[in-house]
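Counted from 1, the sequence shown has number 43 at position 43 by full-length UniProt numbering; the numbering is strictly sequential.
Glycine included, every Cβ here is placed at the ideal spot set by N, Cα and C.
All figures in this text were calculated on a predicted structure; none of them were measured in a lab.
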Amino acid sequence: MVSEAPIGQPTDLSWLLTGLVQRVPHSHSALLLSSDGLVKSAHGLEPDTADHMAALA
Numbered sequence: 001m002v003s004e005a006p007i008g009q010p011t012d013l014s015w016l017l018t019g020l021v022q023r024v025p026h027s028h029s030a031l032l033l034s035s036d037g038l039v040k041s042a043h044g045l046e047p048d049t050a051d052h053m054a055a056l057a
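Shown next, in the form of structure tokens:
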């Protein structure tokens, strides 16, 4: 599998979360975490709130 993202560059996945929130009825925000629980991307959440939610996961 070949990645479209340049090697060594962070991948911006905000488009993925934006599309998810738009398609899921009654959703207002989305949060994507890495396997170790760090915030990879967030939509509709302040950075502090995203970090707090990640700590709870």
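Cα-Cα separation, residue i to residue j
i, j, result
"L45", "R23", "17 Å"
"L31", "D48", "12 Å"
"A57", "G37", "7 Å"
"L20", "L33", "15 Å"
"S35", "A54", "11 Å"
"H28", "T11", "22 Å"
Secondary structure of residue i, DSSP reduced to three states
i, result
"G43", "Sequence inspection shows His at residue 43; the Gly mentioned does not correspond to that position. Note: H43 maps to strand in three-state DSSP."
"A57", "coil"
"D36", "coil"
"L13", "coil"
Limits of the beta strand (DSSP E) - the one that residue i falls within
i, result
"L31", "A30 to L33"
Opening and closing residue of the alpha helix (DSSP H) in which residue i lies
i, result
"V24", "Looking at the DSSP string, V24 is not in any alpha helix (DSSP H), and its letter there is neither H nor E."
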